[in-house]
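Numbering (the numbering used here) for the sequence shown: 548 to 716.
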Amino acid sequence: MDSDELSRTILTTCPGAVVLEAAGDLFFVHDPEGALPDEREQPFATIVTGDRYDDVSDMDRPGVYRLNVEVSKARYGQLDLGTDLTADDVFLPHPVYASQHWICVLNPGPRTAGLIYELIVEAHGLARRKVDNWRARRATTAAGAPNQRSSASAGSAGSGSGSDDARAT
Numbered sequence: 548m549d550s551d552e553l554s555r556t557i558l559t560t561c562p563g564a565v566v567l568e569a570a571g572d573l574f575f576v577h578d579p580e581g582a583l584p585d586e587r588e589q590p591f592a593t594i595v596t597g598d599r600y601d602d603v604s605d606m607d608r609p610g611v612y613r614l615n616v617e618v619s620k621a622r623y624g625q626l627d628l629g630t631d632l633t634a635d636d637v638f639l640p641h642p643v644y645a646s647q648h649w650i651c652v653l654n655p656g657p658r659t660a661g662l663i664y665e666l667i668v669e670a671h672g673l674a675r676r677k678v679d680n681w682r683a684r685r686a687t688t689a690a691g692a693p694n695q696r697s698s699a700s701a702g703s704a705g706s707g708s709g710s711d712d713a714r715a716t
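See the structure below:
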């Protein structure tokens, strides 16, 4: 499958997904209303086409692109990930964001096609829940309800995963 086909598939199978483009790379974000502030535009999948962000996948080769997908910690542990970060059609740990449970595939094809679509749908579900939770917190705060964090825990709030801050590329 080529990157255009994959992009169309992501947009048609993930309701509310939008694509942001930068330097020819695609960032898929769950934003059904088109109203997320920039700091909330965390992609659940990306398609990158060159070595602009890292060079370990040697993506400046003709025709090479990389699909990156966020997965849950549990799912990440279940995947059989390869080690050659230049191999085509193999599930790999993301070269930069593996610690935040991102996987990647260079030139997805027959070996990864079945599972990759399942992982994209799961990633979109994670993104949808994050956006829904953010909107619910925002609505609660706007309605005058007290913030759920106590002042004692505010300094240590958060999951520590950093997944809300990462931009996978």
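Beta carbons: idealized from backbone N, C-alpha and C, even for Gly.
Beta bridge counterpart(s) of L653 as assigned by DSSP: For the purposes of this step, residue 653 is taken as residue 106 along the sequence shown, with counting starting at 1. Answer is R613, D635.
Whole-angstrom distance between A634 and A683, CA atom to CA atom: For this step, residue 683 is matched to residue 136 along the sequence shown. For this step, residue 634 is matched to residue 87 along the sequence shown. For A683 and A634, the distance between alpha carbons rounds to 42 Å.
A689 vs Q589 beta-carbon contact at 8 Å: Against the sequence shown, residue 689 aligns to sequence position 142. Against the sequence shown, residue 589 aligns to sequence position 42. Not a contact, by the Cβ cut-off of 8 Å.
Contact between the stretch 658 to 671 and the stretch 596 to 606 (3+ Cβ pairs under 8 Å): no
P655 burial status per 10 Å Cβ neighbour count (16 or more: buried): Your numbering for residue 655 matches position 108 in the sequence shown. Under this definition P655 is a buried residue.
Buried versus exposed, by CB contacts within 10 Å (16 or more), D572: What you label residue 572 is simply residue 25 of the sequence shown in a count that begins at 1. So D572 counts as buried.
Coarse secondary structure for D585, derived from DSSP in three states: By 1-based counting over the sequence shown, the position of residue 585 is 38. Helix at D585.
Sequence-distant residues of the same chain with beta carbon closer than 7 Å to A570, five excluded per side: As a first step, residue 570 must be located in the sequence shown, where it is residue number 23. For A570, where only same-chain residues beyond five positions count, the Cβ hits under 7 Å are R599.
Secondary structure of E568, DSSP reduced to three states: Residue numbering aside, residue 568 sits at position 21 when the sequence shown is read from its first letter. Residue state, collapsed to three classes: strand.
When V595, F575, H671 are compared against D549, the one with the closest alpha-carbon: Locating residue 549 in the sequence shown gives position 2, counting from the first residue. Ranking V595, F575, H671 by Cα distance to D549 puts V595 first.
Minimum C-alpha distance to V669 - residue among S619, P640, W681, R685: Residue 669 sits at position 122 when you count from the first residue of the sequence shown. The question names Val, but residue 669 is Glu in the sequence shown. Residue S619 is the option with its Cα nearest to E669.
Buried or exposed (CB count within 10 angstroms, at least 16 for buried), R658: Your numbering for residue 658 matches position 111 in the sequence shown. So R658 counts as exposed.
Best match in R622, Q625, C651 for proximity to D505 [C-alpha to C-alpha]: Lying outside 548 to 716, the shown extent of the chain, residue 505 is not represented and no answer is given.
Rounded distance between the beta-carbons of D601 and V643, thought under 8 Å: Sequence index remark: in the sequence shown, residue 643 carries index 96 (1-based). Sequence index remark: in the sequence shown, residue 601 carries index 54 (1-based). Their Cβ separation, rounded to whole angstroms, is 6 Å, which keeps V643 and D601 in contact under 8 Å.
Cα-Cα separation between T559 and R587, rounded to whole angstroms: On the sequence shown, position 12 is the one that residue 559 refers to. On the sequence shown, position 40 is the one that residue 587 refers to. Going from the Cα of T559 to the Cα of R587 covers about 22 Å.
Between the CA atoms of D551 and C561 - distance to the nearest angstrom: On the sequence shown, position 14 is the one that residue 561 refers to. On the sequence shown, position 4 is the one that residue 551 refers to. Each residue's Cα considered, the two are about 16 Å apart.
Buried versus exposed call for A564 [16 or more other C-beta atoms within 10 Å across all chains shown]: Here residue 564 is taken as the residue at index 17 of the sequence shown, counted from 1. That one is buried.
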